[in-house]
Each structure stands twice: as C-alpha cells, then as structure tokens.
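*Asks:* Note that the protein sequences, when read in sequence, are chains A and B. Using numbering that gives the first Met the number 0, you'd call the opening residue of the first sequence number 0 and step up by one each time. Using numbering that gives the first Met the number 0, you'd call the opening residue of the second sequence number 0 and step up by one each time.
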Amino acid sequence: MKLVWRNIWRNRRRAIITISSVFFAVLFCALMISFQTGVWEKMIDNTLRSQTGHIQVHAKGYWEDKTIDNFMFVDDASMARLEAVDNITNVSPRVETFAMASHGLSSKGIAVIGISPGREEQKSNLPIKLVGGEYLSETDDGLLIGQGLGKYLGVGIGDTLALIGQGYHGSSAVGLFPVRGILNLVTAEMDNGIAYMSLAAAQKFIDMPDGYSGLLIAVADNKRLDATIAEVEAIVDTEALNVYSWHFTMERLLQSAETDKAFNVVIMYIMYVIVGFGILGTIIMMTNERRREFCVMISVGMQRWRLALIVAAELLVMSLTGVVAALALALPIARWFNRHPIEMTGEMAEMYRQYGMEPLMPFSVNPGIFAEQVVIILVIAMLAIIYPVNKISKLKIVGK
Amino acid sequence: MNIIETKSLCKIFRDTAQEVYAVNNVDLSITAGEFTAIVGPSGSGKTTLLNMIGGLDTPTSGSIIVDGKDISTLSENETTAFRLHHIGFVFQAYNLIPVLSAKENVSFIMELQGRPKAEIDSRASELLGAVGLADRMDSRPAKLSGGQQQRVAVARALASRPRFVLADEPTANLDSKSAANLLDIMVKLNEQEGVTFIFSTHDPRIVAKARRIITLEDGGIVSDRSV
Numbered sequence: 000m001k002l003v004w005r006n007i008w009r010n011r012r013r014a015i016i017t018i019s020s021v022f023f024a025v026l027f028c029a030l031m032i033s034f035q036t037g038v039w040e041k042m043i044d045n046t047l048r049s050q051t052g053h054i055q056v057h058a059k060g061y062w063e064d065k066t067i068d069n070f071m072f073v074d075d076a077s078m079a080r081l082e083a084v085d086n087i088t089n090v091s092p093r094v095e096t097f098a099m100a101s102h103g104l105s106s107k108g109i110a111v112i113g114i115s116p117g118r119e120e121q122k123s124n125l126p127i128k129l130v131g132g133e134y135l136s137e138t139d140d141g142l143l144i145g146q147g148l149g150k151y152l153g154v155g156i157g158d159t160l161a162l163i164g165q166g167y168h169g170s171s172a173v174g175l176f177p178v179r180g181i182l183n184l185v186t187a188e189m190d191n192g193i194a195y196m197s198l199a200a201a202q203k204f205i206d207m208p209d210g211y212s213g214l215l216i217a218v219a220d221n222k223r224l225d226a227t228i229a230e231v232e233a234i235v236d237t238e239a240l241n242v243y244s245w246h247f248t249m250e251r252l253l254q255s256a257e258t259d260k261a262f263n264v265v266i267m268y269i270m271y272v273i274v275g276f277g278i279l280g281t282i283i284m285m286t287n288e289r290r291r292e293f294c295v296m297i298s299v300g301m302q303r304w305r306l307a308l309i310v311a312a313e314l315l316v317m318s319l320t321g322v323v324a325a326l327a328l329a330l331p332i333a334r335w336f337n338r339h340p341i342e343m344t345g346e347m348a349e350m351y352r353q354y355g356m357e358p359l360m361p362f363s364v365n366p367g368i369f370a371e372q373v374v375i376i377l378v379i380a381m382l383a384i385i386y387p388v389n390k391i392s393k394l395k396i397v398g399k
Numbered sequence: 000m001n002i003i004e005t006k007s008l009c010k011i012f013r014d015t016a017q018e019v020y021a022v023n024n025v026d027l028s029i030t031a032g033e034f035t036a037i038v039g040p041s042g043s044g045k046t047t048l049l050n051m052i053g054g055l056d057t058p059t060s061g062s063i064i065v066d067g068k069d070i071s072t073l074s075e076n077e078t079t080a081f082r083l084h085h086i087g088f089v090f091q092a093y094n095l096i097p098v099l100s101a102k103e104n105v106s107f108i109m110e111l112q113g114r115p116k117a118e119i120d121s122r123a124s125e126l127l128g129a130v131g132l133a134d135r136m137d138s139r140p141a142k143l144s145g146g147q148q149q150r151v152a153v154a155r156a157l158a159s160r161p162r163f164v165l166a167d168e169p170t171a172n173l174d175s176k177s178a179a180n181l182l183d184i185m186v187k188l189n190e191q192e193g194v195t196f197i198f199s200t201h202d203p204r205i206v207a208k209a210r211r212i213i214t215l216e217d218g219g220i221v222s223d224r225s226v
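#1: Is the shortest distance between the beta-carbon of V299 of chain A and the beta-carbons of chain B less than 8 Å?
#2: So that I know if they touch, is there some Cβ in chain B lying closer than 8 Å to that of E292 of chain A?
#3: For the region 29-60 of chain B, list every residue whose C-beta sits within 7 Å of some C-beta in chain A, in sequence order.
#4: Following the continuous alpha helix (DSSP H) through E82 of chain A, name the residue where it begins and the one where it ends.
#5: Comparing the C-beta of R122 of chain B with each C-beta of chain A, is any distance below 8 Å?
#6: Bridge partners for T92 of chain A per DSSP, in chain order?
#7: Please report the Cβ distance between L249 of chain B and A133 of chain B, rounded to the nearest whole angstrom; I am assuming they are in contact, meaning their Cβ atoms lie under 8 Å.
#8: Residues of chain B with CB under 9 Å from L2 of chain A, in chain order?
#9: Comparing C-alpha positions only, which one of A:G141, A:N221, A:A58 sits nearest to A199 of chain A?
#10: Let me know the secondary structure DSSP gives N24 of chain B once reduced to three states.
#11: Ordered along the chain, which non-local residues of its own chain (more than five positions away) have a Cβ less than 7 Å from that of P161 of chain B?
#12: Identify, in the order they occur along the chain, each residue of the same chain with its Cβ nearer than 7 Å to the Cβ of G17 of chain A, setting aside the five sequence neighbours on each side.
#13: Expressed to the nearest angstrom, what Euclidean distance is found between the alpha-carbon atoms of G155 of chain A and E342 of chain A?
#14: So Q149 of chain B packs on P140 of chain B, CB below 8 Å; how close in whole Å?
#15: Run through DSSP, which three-state label would K399 of chain A get?
#16: Suppose the cutoff is 6 Å on Cβ atoms and the five residues either side in sequence are ignored; what does the same chain contact list for E18 of chain B look like?
#17: Using the Cβ count rule (16 or more neighbours within 10 Å means buried), how would you classify G398 of chain A?
#18: So what's P208 of chain A in DSSP terms, helix, strand or just coil?
#19: Contact check, N86 of chain A vs R118 of chain A under 8 Å by CB: the rounded distance?
#20: Could you tell me whether the Cβ of N76 of chain B comes closer than 8 Å to any Cβ of chain A?
#21: Is N183 of chain A near K128 of chain A, with beta carbons less than 8 Å apart?
#22: So which of A:L26, A:I384, A:S115 has the shortest CA-CA distance to A324 of chain A?
#23: Just how far apart, CA to CA, sit I216 of chain A and I32 of chain A?
#24: Please list the partners that G302 of chain A has in chain B, where partner means a Cβ-to-Cβ separation under 7 Å.
#25: In terms of alpha-carbon separation, which member of A:G131, A:A201, A:L30 lies closest to I368 of chain A?
#26: In terms of alpha-carbon separation, which member of A:D158, A:V84, A:W62, A:I112 lies closest to T96 of chain A?
#27: Grab me the residues of F22 of chain A's own chain with a C-beta within less than 7 Å of its C-beta, minus the 5 sequence neighbours each way, in chain order.
#28: Hey, would you say A21 of chain B sits closer than 8 Å to T47 of chain B, going by beta carbons?
#29: Quick check on this structure: which residue in B:T78, B:D137, B:I213, B:K176 has the alpha carbon closest to the alpha carbon of S239 of chain B?
#30: Out of curiosity, what's the CA-to-CA distance linking L182 of chain B and M270 of chain A?
#31: Taking only the alpha-carbon atoms, compute the straight-line gap between H53 of chain A and W245 of chain A and give it to the nearest angstrom.
#32: Need the endpoints of the alpha helix (DSSP H) that E40 of chain A sits in, please.
#33: By the 10 Å Cβ neighbour count, where 16 or more other Cβ atoms means buried, how is R82 of chain B classified, buried or exposed?
#34: Can you tell me where the beta strand (DSSP E) with I2 of chain B in it begins and where it stops?
#35: Would V397 of chain A pass as an interface residue toward chain B - the criterion being a Cβ-Cβ separation below 8 Å?
#36: Given that a residue counts as buried once 16 or more other Cβ atoms are within 10 Å of its Cβ, and exposed if not, what is I273 of chain A?
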C-alpha cells in the first residue's frame with residue numbers, strides 16, 4: 000500500500016484532478032438523484048395517503064370491469080379488524096359510480112363518489128376544499144360538488160340536483176339530492192365532474208346496501224407493506240376479494256416517475272462517461288510513463304500479476320477517495336434536506352394543500368441511490384483497469 | 000563449481016530481409032566467485048547474452064543452465080521467480096523506483112521474497128552501509144547523485160542473496176570518480192564476500208579489475224582469458 004499511495008501522489012496535480020472529477024460527479028449525481036427521488040417518493044406517498052391508499056381491496060373482477068355488478072361486500076367486524084391492524088392508519092370504504100346530473104335544463108355526466116365523511120376527512124382533509132356550505136355527516140343525504148360543476152349546472156347551496164344512473168343488478172338509480180357544500184377540487188376535470196355523497200346515501204342510490212366499490216387502506220410504514228397486505232388478506236374473504244398493493248394500482252404513476260427519472264439518469268451516465276474518460280486518460284498516462292519502471296520491477300523479480308494489482312489498487316484508491324469524499328458531503332446534505340425539506344410557496348403550495356398533500360420537496364436518503372454511485376465508479380474503474388493490466392501482461396522487458 | 004553454463008546458445012533476430020545472429024553458438028561456464036567482464040564492440044551481443052543468462056530474454060536455440068537448472072525451459076512466472084531468488088541486476092541507468100527511498104528500494108526485493116520485516120530492515124541497512132550510503136538511507140533517488148544511485152542499485156542487487164550479479168554497463172553513466180568508487184565497492188564485495196559479478200562493459204577500468212575477460216564479436220566468443 001505504501002507503493003500504491005506514493006505512486007498516486009507522484010504527480011500531485013494529476014491525482015487531485017482525477018479525484019476531484021470523481022468527487023464532483025458523484026456529489027452532483029447523488030444529490031440530483033436524491034432530490035428527484037425524494038420529490039417523487041413524497042408525491043407518491045402524498046397520493047397514496049390522501050387519495051388512493053397503499054392497499055386497495057376490491058371484489059374479484061372489479062379491477063378489470065369497474066361496474067356496480069362487481070362491487071363487494073364487507074361486514075362491520077372485518078372493517079373493525081382492518082382498522083385495528085398495527086400498520087394501518089386509515090380504511091376508507093368507497094362507492095364509486097357514474098350518473099347523469101340534472102338541474103333545470105342542464106345536465107352532465109359525473110362521477111359519484113360515496114365516502115365515509117369522517118374517514119375521508121382524516122385521509123384527504125376534504126373539508127379544507129370547501130368554499131361554501133358545510134361538510135357531510137355520516138348519514139347525510141346531500142351532496143358536495145365541485146364549483147365548476149355547480150356553475151355549469153347553475154346550482155348553489157340548498158338547490159337540489161337530480162341524479163340518474165345505473166343501480167345494482169340492472170336496476171335504475173334515481174334520486175334527488177340537495178347540495179350541502181361547494182368544493183374547490185383543484186383540477187378542472189375533478190372540479191367539473193365530481194359529486195361526493197355519504198356512503199349510506201350512495202348505497203341507497205344504487206340500491207345496494209352494504210355494497211362498496213372498494214376499500215382504500217393507508218399504512219403508516221410503507222416498508223412493512225407486504226406484511227400488512229398479508230394481514231389484510233388474513234382478515235378479508237379472499238375467495239371473493241382481491242387485495243392489491245399500490246405498486247399494482249398506481250402502475251401508471253410509477254411509470255411516470257420512471258420516465259421522469261430517465262432523463263436525469265441519462266445526464267448522470269453522460270457525466271460518468273466524461274469522468275470515465277478522465278480516469279482512463281490518467282491511467283493511460285500513469286501506465287505509459289512508467290513502462291520502464293514496470294520493466295525493471297519485472298526484471299528484478301516482481302510477478303506481472305502483482306504489478307497489475309498495484310496499478311489497479313492505485314486506480315481504485317484514487318476513485319474511491321473521490322467517491323468517499325463526495326458521499327461524506329452528499330449524505331449529510333441529503334439527510335438535512337430529508338429532515339428539513341424545501342417548502343414550496345405560492346400557487347404550487349396552495350394546489351398541494353388543496354389535494355390534501357404537504358407542499359414539501361424532500362431529498363431521499365434511500366441507500367440504493369448512494370450505493371449506485373459507488374457501483375458506477377467501481378465499474379468505471381474496473382473497465383479502466385483493463386488497460387494497464389493488458390499493457391503489463393504484454394510488456395516486453397528486454398530493450399528497457 | 001559452475002553456476003552458469005551455456006550450451007550452443009544462439010539468439011537470432013529476424014526481419015523480413017535477413018537473420019541476424021546476436022549471439023552465435025556460445026558455450027560458456029562461469030564458476031562461483033568470478034569477477035568477469037564481457038567485452039566487445041557495440042552490437043557484438045554482450046547485452047543480449049547477459050539478458051539471456053538473466054532470464055530476461057529467451058534463446059532461439061541452446062540451453063542456459065543456472066545452478067543446475069535449464070532456465071530456458073521455465074515458464075514466464077517461473078523465470079520471474081527464479082530471477083527474484085537467484086539473480087541480482089545492476090542496470091546502466093540505475094533504474095531505482097523513484098517513489099521509494101534508498102533503503103526502501105533495497106528492501107523492496109526482500110519484501111517480494113517475503114522475508115521477515117526485521118531481517119529486511121537489518122540487511123538493507125547493512126548493504127547500504129557496505130556501499131557507503133549509511134547516511135542517505137532515507138533519500139529518494141532524485142536526491143542522490145548518479146554514483147550514489149548506482150551504489151543503491153548494487154545494494155538492491157545483493158539484497159536477495161543472489162547466486163550472481165549481472166551488471167550491464169554499470170559505470171557507463173558515471174563520472175570517473177563515481178565509477179572508480181563503485182568499482183572498488185564491487186571488487187571488495189567480490190573478494191571479501193565471494194559475490195559473483197558478471198559485467199558487460201566498455202569501461203577499461205572494469206576490464207583492468209576483472210579476473211576473467213570474455214570478448215565477443217558478431218555474437219561469438221573470440222577470446223576468453225583469465226588474468
């Protein structure tokens with residue numbers, strides 16, 4: 000190691016440039032990927048907690064064909080047992096269907112969502128979106144509608160909306176519902192096309208008492224998701240119901256995250272290719288300017304493999320010095336911004352709050368992000384090592 | 000007792016037009032304790048012969064028996080290990096490892112041999128003392144004169160306790176005072192400790208001190224005389 004260390008520093012400037020290039024590349028890439036991953040992790044976590052849940056339970060066939068005839072039943076005892084599971088923070092039963100909403104001469108196709116107002120308040124903080132009127136009670140027979148829908152149909156608080164849709168087993172679903180509150184639902188699609196009602200009212204509307212489109216379950220610790228899914232499966236009737244992980248139900252969101260990350264991954268690899276050529280340049284110079292020295296070392300009795308090992312160790316030590324220094328700086332920075340995330344301000348922050356999400360952009364401290372940088376640098380170093388190893392193996396010691 | 004014996008040794012360099020006999024049918028025996036100079040004009044084959052005896056080059060034909068072993072039949076790794084344990088080298092251009100101190104350069108060979116640290120330390124100090132560099136042990140080669148570097152090279156060559164030392168033009172890069180000094184040290188090592196030295200040289204001072212002079216011309220031995 001003495002020889003390795005001294006050889007590295009025999010050209011101090013070159014060693015510093017090589018180590019620095021690795022240092023800055025790893026620092027930049029680690030923080031860039033940590034930030035992007037952190038933002039996505041937070042967005043996914045927000046979405047799961049406030050909207051879709053980490054786990055969903057549906058009747059078999061519902062996911063493929065989302066009709067009322069594929070709705071599920073679940074008894075109160077099972078609901079209570081689900082809510083008692085250690086890692087589960089919220090169980091929100093839902094009735095999701097479609098109906099024609101009419102008022103006067105205006106009508107519009109909308110999504111009707113039956114919720115447990117109490118559980119929904121805990122999950123998505125729906126009342127915060129109220130811009131007029133009042134929130135629903137558990138036995139309420141009224142509606143909460145988006146303000147866009149209200150404007151379109153010309154209805155306000157206290158007006159009555161007629162809903163016509165399909166009920167269970169082909170029956171007609173028809174009802175008159177007073178508007179209890181107006182919501183600001185952030186996106187135009189939701190604001191113009193959603194009406195919330197209590198579960199009891201929704202089940203009565205579709206003529207399916209105790210029927211649900213599904214259960215949305217939020218968990219406290221996503222790392223224990225698989226174990227929690229197993230516990231859920233032990234509670235519900237898996238003959239009739241399927242339990243889905245968010246990795247399945249949120250596949251598109253995950254794909255969006257991967258697509259978004261792909262761009263930064265490309266930048267990361269471009270940066271590492273540049274660093275790789277820098278390392279290769281260093282090793283080519285280190286090898287060629289020491290050819291005579293290598294010949295002498297072999298002449299006096301050093302085995303070629305041992306010499307190659309020394310040169311490989313020099314490159315590894317230089318690369319790892321850069322990596323370790325970069326991670327020593329990147330990890331505390333990422334950890335700091337993980338605990339003290341960047342807070343969004345202005346309209347973007349308000350939009351996040353309206354969604355029931357925290358307007359925060361944390362860095363991720365997922366060890367895989369940092370391990371990946373180490374692995375990439377090690378792979379680059381290993382590839383660069385091929386050059387001196389090849390040269391040393393073919394070195395002609397006569398004529399030194 | 001012969002420690003080196005070559006039989007019908009040939010080295011032919013071929014290019015597209017012709018074959019050049021760098022060493023031509025050399026039969027040679029060297030016994031332990033010799034102080035032998037191989038002389039001859041440039042291109043006569045001195046260095047090629049020395050390289051083959053040292054296992055740095057392979058003969059086109061013939062054999063080289065060192066300590067009863069035909070080194071021309073050894074594999075690359077075996078030859079390297081053989082050199083490490085049996086042969087010391089002194090090069091014209093010193094060829095010390097620049098990042099190591101004088102003592103570390105001498106110790107390096109013994110570390111390759113896997114000797115105990117205490118032995119390495121004491122022998123390196125002893126050898127550097129023997130070549131008059133006890134006070135420059137911690138100096139790197141760049142801080143030493145050419146003569147001092149070559150004396151470190153001699154100490155390094157002896158560090159492995161070799162059966163013989165091959166010295167290729169060891170005084171060629173030295174001024175006359177340094178050359179004389181180095182030569183005195185090698186003569187002393189030969190006379191007092193029985194170290195076998197084989198030189199290729201043009202230097203008349205080495206020739207004058209040599210007890211056996213082998214003259215090469217066109218790759219063949221034209222004279223071999225003891226003085």
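C-beta atoms are modelled at their ideal positions from N, C-alpha and C, and glycine is treated no differently. For clarity, every value in this text was computed on a predicted model and none was experimentally measured.
*Replies:* Result, derived from the coordinates:
#1: yes
#2: yes
#3: N50, L55, D56
#4: 75-83
#5: no
#6: Note that residue 92 of chain A corresponds to Pro in the displayed sequence, not to Thr. For P92 of chain A, which the question treats as bridged, DSSP gives the partners A:L214.
#7: The question about residue 249 of chain B has no answer, for chain B in this structure spans 0 to 226.
#8: I96, V98, L99, E103, F107
#9: A:G141
#10: strand
#11: H85, I86, G87
#12: Residue identity differs from the one stated: residue 17 of chain A is Thr in this sequence, not Gly. G277, I278, T281, M317, listed in sequence order.
#13: 36 Å
#14: Q149 of chain B to P140 of chain B, Cβ: 10 Å. No contact.
#15: Residue placement at K399 of chain A is flagged as unreliable, the pLDDT there being 39, under the threshold of 50; a coordinate-derived value is accordingly withheld.
#16: I11
#17: Residue confidence for G398 of chain A is low, a pLDDT of 49 falling below 50, so the modelled location carries little weight; the figure read from the coordinates is stated next. The residue is exposed, with fewer than 16 neighbouring Cβ atoms inside 10 Å.
#18: coil
#19: Between R118 of chain A and N86 of chain A the Cβ distance is about 17 Å, and since that is not below 8 Å, they are no contact.
#20: yes
#21: yes
#22: A:L26
#23: 29 Å
#24: Going by the sequence as given, residue 302 of chain A is Gln instead of Gly. Under the 7 Å cutoff, chain B gives N76, T79.
#25: A:L30
#26: A:I112
#27: G321, A324, A325
#28: yes
#29: The shown model of chain B, from 0 to 226, leaves out residue 239 of chain B, and the question about it has no answer.
#30: 58 Å
#31: 5 Å
#32: 11-46
#33: buried
#34: 1-13
#35: yes
#36: exposed
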